Amino acid sequence: MSSMIEFKNVCKSFGDIEVLHNIDLSIAEKEVVVVVGPSGSGKSTLLRCINGLEVVTSGDLVVNGIHLPGQKHLIRDIRKEVGMVFQLFYLFPHMTALENVAFGPKKVRGVSSAEAVEIAEHLLNQVGLADRANHLPSELSGGQQQRVAIARAMANKPKIMLFDEPTSALDPELREEVLNVMTKVAQEGITMVVVTHEMSFASKAGSRLLFMDEGKIAEDGDPHTLLKSPPSARLKNFLRHVGY
Amino acid sequence: MSFEFHYIVEAFPSLIEGAKLTWYITIFGIIGGLTLGIVAGILRLAGTEAVGGESHGISRVFWMIGQKCSITYIELIRGTPIIVQAMFIYFALPMLIEVSIGVRGVRFDGLTAAIITIIINAGAYIAEIVRGSVLSVNKGLIEAGMSMGITRFQLITSIIGPIAFKRSIPPLGNQFIISLKDTSLFIVIGVGELTRQGQEIMASNFRALEVWSAVAVCYLVMTGSLALFMKYLERRVE
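In order, the protein sequence lines correspond to chains G and X. Those letters in the first sequence? Residues 1 to 244, per this note's numbering, in order. Those letters in the second sequence? Residues 1001 to 1238, per this note's numbering, in order.
(1) Looking at chain X, is there any beta carbon in it that lies within less than 8 Å of the beta carbon of residue 163(G)?
(2) On a CA-only basis, which of 1020(X), 1010(X), 1002(X) and 1004(X) is nearest residue 1194(X)? Give me that one, please.
(3) Could you work out which residues of chain X lie near residue 80(G), taking near to mean beta carbons separated by less than 7 Å?
(4) When you compare each of 210(G), 57(G) and 31(G) to residue 231(G) by their alpha carbons, which one comes out closest?
(5) Suppose only complete runs of 4+ residues qualify. What are the alpha helix (DSSP H) ranges in the region 129-197 of chain G, listed by chain order?
(6) Rounded to the nearest angstrom, how far is the Cβ of residue 52(G) from that of residue 79(G), given a contact under 8 Å?
(7) What are the residues of the region 107-128 of chain G that lie near chain X, defined by any Cβ-Cβ distance shorter than 7 Å?
(8) In terms of residues, what are the limits of the beta strand (DSSP E) holding residue 4(G)?
(9) Give a yes or no on whether the C-beta atoms belonging to residue 1131(X) and residue 1045(X) are separated by under 8 Å.
(10) To the nearest whole angstrom, what separates the beta carbons of residue 212(G) and residue 161(G), a pair I think is in contact under 8 Å?
(11) Short check: CB of residue 36(G) to CB of residue 23(G), under 8 Å?
(12) Just curious, the beta strand (DSSP E) that residue 18(G) is in, first and last residue?
(13) Using a Cβ-Cβ cut-off of less than 9 Å, list which residues of the region 7-41 of chain G approach chain X; keep chain order.
(14) Beta strand (DSSP E) containing residue 216(G): first to last residue?
(15) Residue 1036(X) and residue 1067(X) - do their beta-carbons sit closer together than 8 Å?
(16) Kindly indicate the opening and closing residues of the alpha helix (DSSP H) around residue 1204(X).
(17) List the residues that DSSP assigns as beta-bridge partners of residue 58(G).
(18) For residue 175(G), is the classification buried or exposed, using 16 other Cβ atoms within 10 angstroms of its Cβ as the cut-off for buried?
(19) Assign residue 1013(X) to one of two classes, buried (16 or more other C-beta atoms within 10 Å of its C-beta) or exposed (fewer than that).
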């Protein structure tokens, strides 16, 4: 299998604080990688490096065959292939659900308006929100907003999907609907990197689990094995804290 | 001495003429000021996170020069009284042109100088309104847009622009009203706007109470209409 995302000795600092410490990581096509770890361990930063929202300080990072460091002008080529879902949804507040989803195909893929609407309707249907197409984000629940956000990220037909704590801002009963949509995305064979505290998602849909601690990848392996018998005291401790 | 209403009736035609001129200066001043303000406001933000981060290469130099020009312009205008700006454009600029490039006789008539003054003055304040509105757009929305692979231009026109525009309506309304009232200062460069008309009528009949009351009411009607228009715009954007 070819490597979709490759970190080679990547470091990332904010001022004097090193957030990522010599990360080596290779993610193959169609892998569903779930990243867990205590807050401040660098999981979000790791994720945001992949689409260039954070610039790596040193090392090499290759995404979909493109080397990121020092190639600012290629960043859009990568972003077109990488969809991202944020903790706080960040739907465009002045556009309806449909317009949010149609935005990418129209502006980035350059498809016609009619075609973009068709793509958007299809995706909204897939996330179970066909009847909310003409609502503004402010008229939707958190769970619905996040499902629209997933549809929006999928609309560009990305090869990679990044999820940054997609359920952390949601009530428990709304999490389920978002996790179900994410499981569906995973089944479609898109490469996924998911930062989350939902261990149930890791064991159900994840093909690989990373445990990050203090800017390093402390554990890397099969979710079932790692969750059933955590090999380190740190992971054991962490799992107890998140109530798994 | 009593309040004699017929003085107002007599003054009315002249006051209407003055009010028309006040509108004329205000409308052109606001349109020009808005254009200048948007350009200066965006230039001032160039290369910051608020508009999608730093540029690179030659465009970086261009934006940096733009940003410095914008800051100089805004501070120069905010730091001096509008009446001084009007005097400068009307009286001093022709001399400056003559001294610096040796061309004599370049001068604006009062009305042109008045419009230019409002454009330049309002532009500086509107630039700050634009900057404030753009900065108020959630960083997460900008990242959401950028992560889709859109260009900086698309980011500004499709996401930051519409959101910032909505937020800028209340402070813009404020600035438009201020600019309208500022036109009364052009009495000093001989423009026959509303205040000047009032003064001339007053000088001939000495009915200060009636004339200045009428002038005040005229201004209230005009500022009130502007305020109503901005309210309407705000509701339309909702």
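Glycine included, C-beta positions come from ideal geometry on N, C-alpha and C. The model shown is predicted, which means the values in this text are computed figures rather than measured ones.
Working from what's here:
(1) Your numbering for residue 163(G) matches position 163 in the first sequence. So, not an interface residue.
(2) Stepping through the second sequence from its first residue, residue 1194(X) is reached at position 194. The shortest C-alpha separation from residue 1194(X) is found at 1020(X).
(3) As a working mapping, residue 80(G) is identified with position 80 in the first sequence. Residues of chain X passing the Cβ test: 1149.
(4) Numbered from its first residue, the first sequence carries residue 231(G) at position 231. When only C-alpha atoms are compared, the closest one is 210(G).
(5) Within the region 129-197 of chain G, the runs of alpha helix (DSSP H) at least 4 residues long that lie entirely inside it are, in chain order, 142-154 and 172-187.
(6) Numbered from its first residue, the first sequence carries residue 52(G) at position 52. Numbered from its first residue, the first sequence carries residue 79(G) at position 79. With 8 Å as the limit, residue 52(G) and residue 79(G) qualify as a contact, their Cβ atoms being about 7 Å apart.
(7) Under the 7 Å Cβ criterion, the region 107-128 of chain G contributes 107 and 108.
(8) In the first sequence, counting from the first residue as 1, residue 4(G) sits at position 4. Counting along the chain, the beta strand (DSSP E) containing residue 4(G) begins and ends at 3-14.
(9) Here residue 1131(X) refers to the residue found at position 131 when the second sequence is read from its first residue. Here residue 1045(X) refers to the residue found at position 45 when the second sequence is read from its first residue. Yes; because the gap between Cβ atoms is below 8 Å, this pair is in contact.
(10) Here the question's residue 212(G) lines up with position 212 in the first sequence. Here the question's residue 161(G) lines up with position 161 in the first sequence. Going by Cβ atoms, the distance from residue 212(G) to residue 161(G) rounds to 19 Å, so no, they are not a contact pair.
(11) The sequence position of residue 36(G) within the first sequence is 36, counting from 1. The sequence position of residue 23(G) within the first sequence is 23, counting from 1. Their beta carbons are not under 8 Å apart, which means residue 36(G) does not touch residue 23(G) by this criterion.
(12) The residue labelled residue 18(G) in the question sits at position 18 within the first sequence. It spans 17-28 - the beta strand (DSSP E) in which residue 18(G) sits, taken as one unbroken run.
(13) Per Cβ criterion, the list is empty.
(14) One-based indexing of the first sequence puts residue 216(G) at position 216. Element bounds for residue 216(G): 216-221.
(15) Position 67 of the second sequence holds residue 1067(X). Position 36 of the second sequence holds residue 1036(X). Contact: no.
(16) By one-based count along the second sequence, residue 1204(X) stands at place 204. Looking at the DSSP string, the run of the alpha helix (DSSP H) that includes residue 1204(X) is 1194-1205.
(17) Position 58 of the first sequence, counted from the start, is the residue given in the question as residue 58(G). Paired residue(s): 11(G).
(18) The count along the first sequence starts at 1 and reaches residue 175(G) at position 175. With 16 or more Cβ atoms within 10 Å of its Cβ, residue 175(G) is classed as buried.
(19) Your numbering for residue 1013(X) matches position 13 in the second sequence. Residue 1013(X) is exposed by the Cβ-count criterion.
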